[in-house]
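*Asks:*
2 protein chains.
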Amino acid sequence: MVKINENYLKLPGSYLFSTIAKKIAAYQEANPDKAEDMIRLGIGDVTLPIAPAIVEAIHKAADDMGRAETFHGYAPDMGYAFLRETIAQRDYKDRGCRIEADEIFVSDGSKSDCGNIQEIFSHDNRIAVCDPVYPVYVDSNVMAGRTGEYDTEAGIWSNVIYMPCTADNCFVPELPKETPDLIYLCIPNNPTGTTLTRKQLKVWVDYANRVGAVILYDGAYEAYISEEDVPHSIYEIEGARTCAIEFRSFSKKAGFTGVRLGFTVVPKDLKCGNVMLHALWARRHGTKFNGAPYIEQRAAEAVYSQEGHKQVMEQVAYYKKNTRVIYDGLKEAGYTVFGGVNSPYVWLKTDDGMNSWEFFDYLLENARVVGTPGSGFGPSGEGYFRLTGFGTYENTVKAVMRMKALKRKK
Amino acid sequence: MVKINENYLKLPGSYLFSTIAKKIAAYQEANPDKAEDMIRLGIGDVTLPIAPAIVEAIHKAADDMGRAETFHGYAPDMGYAFLRETIAQRDYKDRGCRIEADEIFVSDGSKSDCGNIQEIFSHDNRIAVCDPVYPVYVDSNVMAGRTGEYDTEAGIWSNVIYMPCTADNCFVPELPKETPDLIYLCIPNNPTGTTLTRKQLKVWVDYANRVGAVILYDGAYEAYISEEDVPHSIYEIEGARTCAIEFRSFSKKAGFTGVRLGFTVVPKDLKCGNVMLHALWARRHGTKFNGAPYIEQRAAEAVYSQEGHKQVMEQVAYYKKNTRVIYDGLKEAGYTVFGGVNSPYVWLKTDDGMNSWEFFDYLLENARVVGTPGSGFGPSGEGYFRLTGFGTYENTVKAVMRMKALKRKK
Chain A
1 MVKINENYLK LPGSYLFSTI AKKIAAYQEA NPDKAEDMIR LGIGDVTLPI APAIVEAIHK
61 AADDMGRAET FHGYAPDMGY AFLRETIAQR DYKDRGCRIE ADEIFVSDGS KSDCGNIQEI
121 FSHDNRIAVC DPVYPVYVDS NVMAGRTGEY DTEAGIWSNV IYMPCTADNC FVPELPKETP
181 DLIYLCIPNN PTGTTLTRKQ LKVWVDYANR VGAVILYDGA YEAYISEEDV PHSIYEIEGA
241 RTCAIEFRSF SKKAGFTGVR LGFTVVPKDL KCGNVMLHAL WARRHGTKFN GAPYIEQRAA
301 EAVYSQEGHK QVMEQVAYYK KNTRVIYDGL KEAGYTVFGG VNSPYVWLKT DDGMNSWEFF
361 DYLLENARVV GTPGSGFGPS GEGYFRLTGF GTYENTVKAV MRMKALKRKK
Chain B
1001 MVKINENYLK LPGSYLFSTI AKKIAAYQEA NPDKAEDMIR LGIGDVTLPI APAIVEAIHK
1061 AADDMGRAET FHGYAPDMGY AFLRETIAQR DYKDRGCRIE ADEIFVSDGS KSDCGNIQEI
1121 FSHDNRIAVC DPVYPVYVDS NVMAGRTGEY DTEAGIWSNV IYMPCTADNC FVPELPKETP
1181 DLIYLCIPNN PTGTTLTRKQ LKVWVDYANR VGAVILYDGA YEAYISEEDV PHSIYEIEGA
1241 RTCAIEFRSF SKKAGFTGVR LGFTVVPKDL KCGNVMLHAL WARRHGTKFN GAPYIEQRAA
1301 EAVYSQEGHK QVMEQVAYYK KNTRVIYDGL KEAGYTVFGG VNSPYVWLKT DDGMNSWEFF
1361 DYLLENARVV GTPGSGFGPS GEGYFRLTGF GTYENTVKAV MRMKALKRKK
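Here the protein sequences line up with chains A and B, keeping their order. Each residue of the first sequence is one higher than the one before, counting from 1 in the working numbering. Each residue of the second sequence is one higher than the one before, counting from 1001 in the working numbering.
1) Within 10 angstroms of the Cβ of Gly79 of chain A, are there 16 or more other Cβ atoms? Answer buried if so, exposed if not.
2) Helix, strand or coil: which one does DSSP assign to Arg368 of chain A?
3) Note down the Cα distance separating Val1211 of chain B from Val337 of chain A, rounded to an integer number of angstroms.
4) Sorted by chain position, which residues of the same chain lie with C-beta nearer than 6 angstroms to Phe1171 of chain B's C-beta, five sequence neighbours on each side aside?
5) Looking at the strands, I want to know which residues DSSP matches up with Tyr1362 of chain B.
6) Label Pro1231 of chain B either buried or exposed according to how many other C-beta atoms from any shown protein chain fall within 10 Å of its C-beta, with 16 as the threshold for buried.
7) Any residues in the stretch 120–138 of chain A with a beta carbon nearer than 9 angstroms to a beta carbon of chain B? Which ones, in chain order?
8) On the DSSP bridge list, what partners appear for Lys271 of chain A?
9) Just to confirm before moving on: does the CB-CB distance between Gln297 of chain A and Leu48 of chain A stay below 8 angstroms?
10) Determine whether the beta carbon atoms of Arg1248 of chain B and Ser1343 of chain B lie at a separation below 8 angstroms.
11) Can you give me, in chain order, the residues of the stretch 221–254 of chain A that have a beta carbon less than 7 angstroms from any beta carbon in chain B?
12) Here's a check: name, in chain order, each residue in its chain whose Cβ is nearer than 7 angstroms to the Cβ of Tyr150 of chain A, leaving out the five neighbours to either side.
13) Between the C-alpha atoms of Glu1382 of chain B and Trp1357 of chain B, what's the straight-line distance to the nearest angstrom?
14) Can you tell which of A:Thr147, A:Ala405, A:Phe360 has its C-alpha closest to the C-alpha of Leu387 of chain A?
15) Kindly indicate if chain B contains any beta-carbon less than 8 angstroms away from that of Lys111 of chain A.
16) Who are the Cβ neighbours of Val1341 of chain B in its own chain at under 7 angstroms, not counting the five residues just before and after it?
17) In chain B, which residues lie with their C-beta within 9 angstroms of the C-beta of His309 of chain A?
18) Taking C-beta pairs closer than 9 angstroms, name the residues in chain B that Met143 of chain A reaches, listed in chain order.
19) Are any of the Cβ atoms in chain A nearer than 8 angstroms to that of Arg1260 of chain B?
20) Within a Cβ cutoff of 7 angstroms, which residues of the same chain sit near Ala88 of chain A, ignoring the five residues on either side of it in sequence?
21) Just to confirm my understanding: we take Gly145 of chain A, look at its own chain, exclude 5 residues before and 5 after, and list those with CB closer than 7 angstroms. What are they?
22) With 8 angstroms set as the bound, which would you pick, yes or no: does the beta-carbon of Glu1006 of chain B sit closer than that to a beta-carbon of chain A?
23) Got a sec? Which residues, its chain only, sit under 6 angstroms from Lys1407 of chain B by beta carbon, not counting five neighbours each side?
24) If we call anything under 8 angstroms between Cβ atoms a contact, is Pro52 of chain A one with Gln311 of chain A?
25) Give me the chain B residues within the contact set of Phe105 of chain A, using Cβ-Cβ distance strictly less than 9 angstroms, ordered along the chain.
26) So which residues of chain A does Ser1018 of chain B contact, with C-beta pairs closer than 7 angstroms?
27) Is there a C-beta anywhere in chain A that falls below 8 angstroms from the one on Pro1344 of chain B?
28) Which chain A residues are close to Ala1300 of chain B, counting only those with a beta carbon under 7 angstroms from its beta carbon?
29) How big is the Cα-Cα spacing for Cys97 of chain A and Met1354 of chain B?
30) Check each candidate in B:Phe1385, B:Leu1196, B:Val1055 and name the one with the smallest Cα separation from Arg67 of chain A.
31) Measure from the alpha carbon of Tyr1074 of chain B to the alpha carbon of each residue in A:Gly258, A:Leu175, A:Leu270, then state which is nearest.
32) Could you tell me whether the Cβ atoms of Tyr327 of chain A and Phe390 of chain A are closer together than 8 angstroms?
33) Less than 8 angstroms separating the beta-carbons of Thr1372 of chain B and Asn1322 of chain B?
34) Under a three-way DSSP split, which group does Thr287 of chain A fall into?
35) Within 10 angstroms of its Cβ, does Asp1064 of chain B collect 16 or more other Cβ (buried), or is it exposed?
36) Are Arg198 of chain A and Ile237 of chain A closer than 8 angstroms when you measure CB to CB?
Okay, here's the thing in structure tokens:
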């Protein structure tokens, strides 16, 4: 008689963004006249179309696929050399990081990789996560049975090491008292929009090497880094090759949320005993994945072309401007705001001690602005709220005006 | 201290097709003059370019992505309704199967789904596989720790139920003596190219319902079915909605090996106790996957358009003709051949009692023809060899002539 993976049943409720989508749908149904006027700064989805140089590359790749001489069937498991070599050069060597093309695994996106990476580790490894953080790290470990029991009241798992990142510690996680085996770091952080300097990240690299932990470093928001002392890759830090796996995404850099492409770096120096994690991930990639689409790999390549790079960085600048509008506008209105500088996310304290979901409803009802409740990202996110710079400029300005007006009404 | 998933180390050697690729590379290096002349009928990759109607759909989708009004960001986890509804109608309802659009999960390909599906089941479930069969079913369960220990000599896992499919039983698996929880059926079968009739499949559906097992039905080669009494979907069989998950692919039907798109059907009637497997797979999809690319979903939609359908079925006919050339030619030459009728694969007995890898080397050396050793698909594949109809017609004819000549020389 078949039995299910009971760990799935431990997952509380549904995935954060599904819940938000349901709430929005309910509001729209109840208020059809206001539905049009709603501004969504919640889910971290982009709004600008794919840049012209990339669309051109997709057209070219489509033509390649339509001709026998240039048709591409199964791609190499790890991705095409043309893309891996470009990534190695531009994202790593040009920044002084010693990462080779054969340490890069191209995939259909960073969410898949962040969710799947835990598979190559033992079931009894203990994970540490920043709190709050992107829910996939914990959820994928819940599914694998690593997280113990869920305390519904506190919103925490008994076997997860939480590293609170709040205004109290300026959103810099402290080294945990209990020793983790796997440390998830999302830098710049989703949802707080805050980040770590080179010096602060060095502390983590040294710690991981010392205790024999692996850092799972999610750099999905790398393109938004503005400040000089914030590293773009963990491999800028001495010692990272022996303790860190890095996940990177084109979603927020080039608007690839619907294109789907990302990559993961597993340095060959990263070992557990005498086993290279690179070999394990290669085996996973080769057994349960069949390569990223040729068309999307060509699209990603175009992100690095002269024109493509210029165009995507203009898009990033546009979203950063929006983020600035939110940050400055809300600050001026008297909200307590964080993040925003090296990230498309602004993290704010809710009003009047409302909890995060109360504030979600309050904003939706009174300003028709949709954001993301901080508590959806972990217990220390309670009392916070996330807004993103991914809307249109016009809507962003409008949303901020409404939130200012709301503050004044009080 | 981090620990790895030790199950990965149990996997013997590397993935079948990587080994073949290495052998080919070695041969080419040793025989640079003959490299040009090599004919590859080994790996099941297609060779015809993507059909014009599909290329056109990709161009249109690329343009959609390049304009703000038609840009598509994150796709729905399960896939766009336009595609799921088309699939439900054309692949199921039109064949009399009661499958709804919301029972269809679009993904980046069937290999991912076949590899990932085991996650939603308990670790102590026991799997049964046809022997020989596509290696991903067993390998993904090895990684999850379900397969026990490997007997290198016999090439079998202690905790896997093997269902031999050989000439002795006309490649029809018998109901196993020990009761499995999960039954993998690849029909038409890869690698043997053989299949089950409706009546034969009904035996399995009834059995699964009786013992409470789930059938994981891989229908990747459905488009190649020629015979009337062979079902195109397991849901043509009464009772399948309560015991079967079906995997489908566009790879062999529409040449999508490098485009990447597939789907999985989980009927809502399929339950374990009171838990719908549909809900578990939805959760997996939502947590560790971020939707298939918009462009590829539009490409798949075009497979069902009037023009697209006509064009892809012409490609299928081309490959079937090749398969026929192999089957008839080798039979005429005195080889013992199977499959080929409802499948792009011909399964043949090796010559002179050679084992499968010996025959691989023999064919490569003496005919410059690359095939796939049957033993790579399981112990009962030993002494067999797989050739595919996916080459060009010209090369296929040439390969068969060489193999005929080889037979005559003896």
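Think of the CB as a built atom: it goes at the ideal place given N, C-alpha and C, for glycine as much as any other residue.
*Replies:* So, from the listed chains and residues:
1) Buried, since its Cβ has 16 or more Cβ neighbours within 10 Å.
2) coil
3) Those two C-alpha atoms are separated by around 59 angstroms.
4) Cys1165, Thr1192, Thr1194
5) In DSSP, Tyr1362 of chain B forms no bridge with anything.
6) With at least 16 other beta carbons inside 10 angstroms of its own, Pro1231 of chain B counts as buried.
7) Ile120, Phe121, Ser122, His123, Asp124, Asn125, Pro135, Val136
8) A:Met276
9) no
10) Contact check for Arg1248 of chain B against Ser1343 of chain B fails: the beta carbons are separated by 8 angstroms or more.
11) none
12) Lys10, Pro12, Trp157
13) 9 angstroms
14) A:Phe360
15) yes
16) Ser1226, Glu1227
17) Simply none; closest approach about 17 angstroms.
18) Glu1119, Ile1120, Arg1283, Arg1284, Thr1287, Lys1288
19) For Arg1260 of chain B, at least one C-beta of chain A is nearer than 8 angstroms to its own C-beta.
20) Same-chain partners within the cutoff: Ile99, Glu100, Ala101, Ile104.
21) Non-local C-beta neighbours of Gly145 of chain A in its own chain, meaning closer than 7 angstroms and more than five positions away in sequence, comprise Asn7, His123, ordered along the chain.
22) yes
23) A distance below 6 angstroms between beta-carbons, with the five flanking residues on each side excluded, links Lys1407 of chain B to the following residues of its chain, in chain order: Ala1333, Gly1334.
24) Contact flag set, yes.
25) Annotation: Phe105 of chain A has no Cβ neighbours in chain B at a cutoff of 9 angstroms; minimum Cβ distance is about 14 angstroms.
26) Gly286
27) no
28) Correct list: empty, because the minimum Cβ distance to chain A is about 12 angstroms.
29) 51 angstroms
30) B:Val1055
31) For Tyr1074 of chain B, the closest C-alpha among the options A:Gly258, A:Leu175, A:Leu270 is that of A:Gly258.
32) No; because the gap between Cβ atoms is not below 8 angstroms, this pair is not in contact.
33) no
34) helix
35) buried
36) yes
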